[in-house]
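Engineer: Each residue of the sequence shown is one higher than the last, beginning at 1169 in my numbering. Starting off with a structure, shown below.
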Amino acid sequence: MQSINPKNSSVIANYTELDETALNQAIEQSHLAFRRWRKTSFEARAAVLRAAADELERRKPSLARLMADEMGKPLAEGEGEVEKCAWVCRYYADHAAEQLADKHIETDYLVSKVSYQPIGCVFAVMPWNYPLWQVFRFAAPTLMAGNTGLLKHAENVCGSALEIQAIFEAAGLPKHVFSTLLVDREQAKTIIEHPRVRAVTLTGSTRAGKAVAATAGAVLKKCVLELGGSDAYLVLEDANLELAASKCAQSRLLNAGQSCISAKRFLVHKNVITQFTELLMTKFQQQVMGDPLEKQTTIGPMARIDLRDELHSQVQRSIEAGATRLLGGEVPDLAGAYYPPTILSNVQPGMPAFDEELFGPVAAIIAVDSLEQAIELANQSDFGLGGGIFSADVATAEQIASSEIDSGACFVNDFVKSDPRLPFGGVKDSGYGRELSEQGIHEFVNVKTVCVRASDAS
């Protein structure tokens, strides 16, 4: 395994995969740790999570630098990611006990209750685009519920994976309650099938999600899948266009566009499309592409050259199918995996820019004649992760967001973002299950019904 700097293709470090013996030992140690950890109090678990939050903040500069080196994230964005990880740790430290408290239900029994019990070792397969956040949003609720965590991170961010384990150890988490496993995809399948592993969660592509779901289903193990997206943002005729362009640009370009919940397809009413497009182009042209270690940089390199090349192929094929390139769309003459902010107009169904997920800084603009057409095109996708609506008529927009858009989240006059207080996940090919909030911590527990009748009852 190699960690390669995407800004210049230099090798940062080499890592050795676990062999079969070491892997089996790590899983067994996780199971033994679970037997002890499940008996700890919520107060003890919360103390560890709060200490982890403090440790994250202490290491913020070095963690941001590590992400910049391993996958190209600009330093300011990296520091923001670290702060969000500390937030999710503190959120579950504060709320898990209440979220997992017994729920009493009135029945004919003396006592009828629902109890939430930990299930064991939970295996997480995580991606490179948010190397810390994706892991902590899984780990915080999983550990607070009394489970243990096993992490297979993306191979290009092994340094981040090992640093996460070090943070938990520095916070006082008992050994083997959280373990980073340096393994490949085939070994990941073996881990899912291992009898000590009770559940799996994956954030990644739809193809990877289907493979994990098939493996987990064959051995009857719970899984949560947070997969890709092609989020549609509706810009209606009465929208505040400056606000819409600003929010859409921010969503589309954050993390160099490498986010499942980025705004990707912009469905704009024909009467305002010219003005919106001009505003969006201005926002895109203001971006500074460059070294992620430089303070002025807002767009770093993409995480890998092969990912950049696949994105460029999607752009080129869309243009060949009739899309118009308004901005960007050409590979720059720079070392590394850079791709410029790009805008395509006249995008239609049947083009990669409409049908596929474009995992990079590319906006696809689609003209619509009516609200009904916008809704139809928004839902004309295999994905259903997020979406947005920009309109001055907030009541109508809220109704559309609630009942008309087929997605796991839909925001009005803002872009979709994950929040520890709110459930996060998708429908259709964007996966199933939920992370974060009370729903997230309930995914990996045994929801147990307990009823008690008095011993002298007839």
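Yeah, the Cβ is synthetic: ideal placement off N, Cα and C, and Gly gets one too.
Span of the alpha helix (DSSP H) holding Asp1262?
Structural biologist: Numbered from 1 along the sequence shown, position 94 holds the residue referred to as residue 1262. Element bounds for Asp1262: Leu1243 to Gln1267.
Engineer: Run through DSSP, which three-state label would Thr1208 get?
Structural biologist: The residue you call residue 1208 lines up with position 40 of the sequence shown. Here Thr1208 sits in coil by DSSP.
Engineer: Just how far apart, CA to CA, sit Gln1197 and His1344?
Structural biologist: What you label residue 1197 is simply residue 29 of the sequence shown in a count that begins at 1. What you label residue 1344 is simply residue 176 of the sequence shown in a count that begins at 1. Using only the alpha carbons, I get a separation of about 6 Å.
Engineer: Leaving out the 5 sequence neighbours to the left and right, which residues in its chain are closer than 8 Å to Ser1178 when beta-carbon positions are compared?
Structural biologist: As a first step, residue 1178 is located in the sequence shown; it is residue number 10 there, counting from the start. These residues qualify, in order along the chain: Ile1172.
Engineer: Cutting at 6 Å between CB atoms, please list the residues of its own chain near Val1618, excluding the five before and the five after it.
Structural biologist: The residue given as residue 1618 occupies position 450 in the sequence shown. The answer, listed in chain order, is Lys1281 and Ser1283.
Engineer: Using only alpha-carbon positions, find the residue among Ala1212, Glu1249 and Arg1218 that is nearest to Arg1233.
Structural biologist: Residue mapping note: residue 1233 aligns to position 65 of the sequence shown, counting from 1. Ranking the options by Cα distance to Arg1233, first place goes to Glu1249.
Engineer: Is the region 1424–1434 touching the region 1522–1536 in the sense that three or more CB pairs, one from each, lie closer than 8 Å?
Structural biologist: Touching, yes.
Engineer: For a quick check, are the C-beta atoms of Cys1253 and Leu1300 less than 8 Å apart?
Structural biologist: For this step, residue 1253 is matched to residue 85 along the sequence shown. For this step, residue 1300 is matched to residue 132 along the sequence shown. Their beta carbons are under 8 Å apart, which means Cys1253 touches Leu1300 by this criterion.
Engineer: How would you write the range of the alpha helix (DSSP H) that Pro1520 sits in, first residue to last?
Structural biologist: The residue you call residue 1520 lines up with position 352 of the sequence shown. It spans Pro1520 to Asp1523 - the alpha helix (DSSP H) in which Pro1520 sits, taken as one unbroken run.
Engineer: Hey, quick one: how far does the alpha helix (DSSP H) through Gln1443 stretch, first residue to last?
Structural biologist: The residue labelled residue 1443 in the question sits at position 275 within the sequence shown. It spans Ile1441 to Gln1453 - the alpha helix (DSSP H) in which Gln1443 sits, taken as one unbroken run.
Engineer: Helix, strand or coil for Arg1366? Go by DSSP, reduced to three states.
Structural biologist: Within the sequence shown, numbered from 1, the residue matching residue 1366 stands at position 198. Note: Arg1366 maps to strand in three-state DSSP.
Engineer: For a test of the three-state rule: what should DSSP assign to His1639, helix, strand or coil?
Structural biologist: Because the chain is modelled from 1169 through 1626, residue 1639 falls outside the range shown and cannot be assessed.
Engineer: By a C-beta neighbour count over all protein chains shown, 10 Å radius and 16 as the cutoff for buried, is Tyr1183 buried or exposed?
Structural biologist: Locating residue 1183 in the sequence shown gives position 15, counting from the first residue. So Tyr1183 counts as exposed.
Engineer: Should Leu1349 go down as buried or exposed, given a rule of 16 or more other Cβ atoms within 10 Å for buried?
Structural biologist: Here residue 1349 refers to the residue found at position 181 when the sequence shown is read from its first residue. Answer is buried; the Cβ neighbour count reaches 16.
Engineer: What residue ranges within the region 1475–1540 form continuous alpha helix (DSSP H) runs of no fewer than 4 residues, ordered along the chain?
Structural biologist: Segments of the alpha helix (DSSP H) lying fully in the region 1475–1540: 1520–1523.
Engineer: Within its chain, find whatever has a CB closer than 8 Å to the CB of Val1365; leave out the 5 residues flanking it on each side and keep chain order.
Structural biologist: Counting from one through the sequence shown, the residue named residue 1365 turns up at place 197. Ile1195, Gly1288, Cys1289, Val1290, Phe1291, Leu1318, Ile1359 and Lys1389.
Engineer: In angstroms, rounded to a whole number, what distance separates the CA positions of Cys1286 and Ala1338?
Structural biologist: Position 118 of the sequence shown holds residue 1286. Position 170 of the sequence shown holds residue 1338. A quick correction: the sequence has Pro, not Cys, at residue 1286. Approximately 24 Å between the Cα atoms of the pair.
Engineer: Give every residue of the same chain whose Cβ lies closer than 7 Å to the Cβ of Ala1678, excluding the five residues on either side of it in the sequence, and list them in chain order.
Structural biologist: Lying outside 1169 to 1626, the shown extent of the chain, residue 1678 is not represented and no answer is given.
Engineer: Just the Cα atoms here: how many angstroms apart are Phe1306 and Asp1459?
Structural biologist: For this step, residue 1306 is matched to residue 138 along the sequence shown. For this step, residue 1459 is matched to residue 291 along the sequence shown. Rounded to whole angstroms, Phe1306 to Asp1459 spans 30 Å at the Cα level.
Engineer: Does DSSP classify Ile1332 as helix, strand or coil?
Structural biologist: Your numbering for residue 1332 matches position 164 in the sequence shown. Ile1332: helix per DSSP, three-state reduction.
Engineer: Go ahead and pull the three-state DSSP assignment for Gly1552.
Structural biologist: Reading the sequence shown from its first residue, position 384 is the one you call residue 1552. The answer is strand: DSSP assigns Gly1552 an E or B state.
Engineer: Put Ser1280 into one of helix, strand or coil per three-state DSSP.
Structural biologist: As a working note, residue 1280 is residue 112 in the sequence shown. DSSP places Ser1280 in strand when its eight states are reduced to three.
Engineer: By the three-class DSSP mapping on this structure, what secondary structure does His1199 have?
Structural biologist: Translated into positions along the sequence shown, residue 1199 becomes position 31. DSSP places His1199 in helix when its eight states are reduced to three.
Engineer: Could you please give the first and the last residue of the uninterrupted beta strand (DSSP E) stretch that includes Ala1292?
Structural biologist: Within the sequence shown, residue 1292 is the residue found at index 124, counting from 1. Counting along the chain, the beta strand (DSSP E) containing Ala1292 begins and ends at Cys1289 to Val1293.
Engineer: Would you list the one or two residues that DSSP bridges to Gly1468?
Structural biologist: Here residue 1468 refers to the residue found at position 300 when the sequence shown is read from its first residue. Paired residues: none, contrary to the question.
Engineer: On a Cα-Cα basis, can you pick out the residue from Glu1462, Ala1563 and Arg1204 that is closest to Asn1315?
Structural biologist: Along the sequence shown, read from residue 1 onward, the residue named residue 1315 stands at position 147. That would be Arg1204, whose Cα lies nearest to the Cα of Asn1315.
Engineer: Opposite Glu1603 in the DSSP bridges: which residues?
Structural biologist: The count along the sequence shown starts at 1 and reaches residue 1603 at position 435. Per DSSP, Phe1592.
Engineer: Pull up the DSSP beta-bridge partners for Pro1286, would you.
Structural biologist: Working through the sequence shown from its first residue, we reach residue 1286 at position 118. Pro1286 is bridged to Val1613.
Engineer: Going along the chain, which residues of its own chain have a beta-carbon closer than 7 Å to the beta-carbon of Val1515, five neighbours each way excluded?
Structural biologist: As a first step, residue 1515 is located in the sequence shown; it is residue number 347 there, counting from the start. Excluding residues within five positions, the ones whose Cβ falls inside 7 Å are Ser1486, Ala1491, Ala1521, Phe1522, Ala1532, Ile1533 and Ile1534.
Engineer: Pick out whichever of Gly1377, Gly1425 and Ser1571 has its Cα sitting closest to the Cα of Asp1597.
Structural biologist: As a working note, residue 1597 is residue 429 in the sequence shown. Answer by Cα proximity: Gly1377.
Engineer: Quick check: the region 1202–1221 against the region 1257–1266, are at least 3 beta-carbon pairs closer than 8 Å?
Structural biologist: With the cut-off at 8 Å, the region 1257–1266 and the region 1202–1221 touch.
Engineer: With H, G and I counted as helix, E and B as strand and the rest as coil, what does DSSP make of Gln1426?
Structural biologist: Numbered from its first residue, the sequence shown carries residue 1426 at position 258. DSSP places Gln1426 in coil when its eight states are reduced to three.
Engineer: By the 10 Å Cβ neighbour count, where 16 or more other Cβ atoms means buried, how is Lys1616 classified, buried or exposed?
Structural biologist: Counted from its first residue, the sequence shown places residue 1616 at position 448. When all chains shown are included, Lys1616 counts as exposed.
Engineer: Using a Cβ-Cβ cut-off of 6 Å (strictly less than) and excluding sequence neighbours within five positions of Lys1451, which residues of its own chain qualify?
Structural biologist: By one-based count along the sequence shown, residue 1451 stands at place 283. Cβ neighbours of Lys1451 beyond the five flanking positions: Ala1413 and Ala1417.
Engineer: With DSSP as the reference, please indicate the residues paired to Ala1400 in a beta bridge.
Structural biologist: Start at 1 with the first residue of the sequence shown, and residue 1400 comes out as number 232. Per DSSP, Arg1433 and Gly1555.
Engineer: Quick one: is Leu1278 buried, meaning 16 or more other Cβ sit within 10 Å of its Cβ, or exposed?
Structural biologist: By 1-based counting over the sequence shown, the position of residue 1278 is 110. Classification of Leu1278: exposed, given that the 10 Å Cβ count is below 16.
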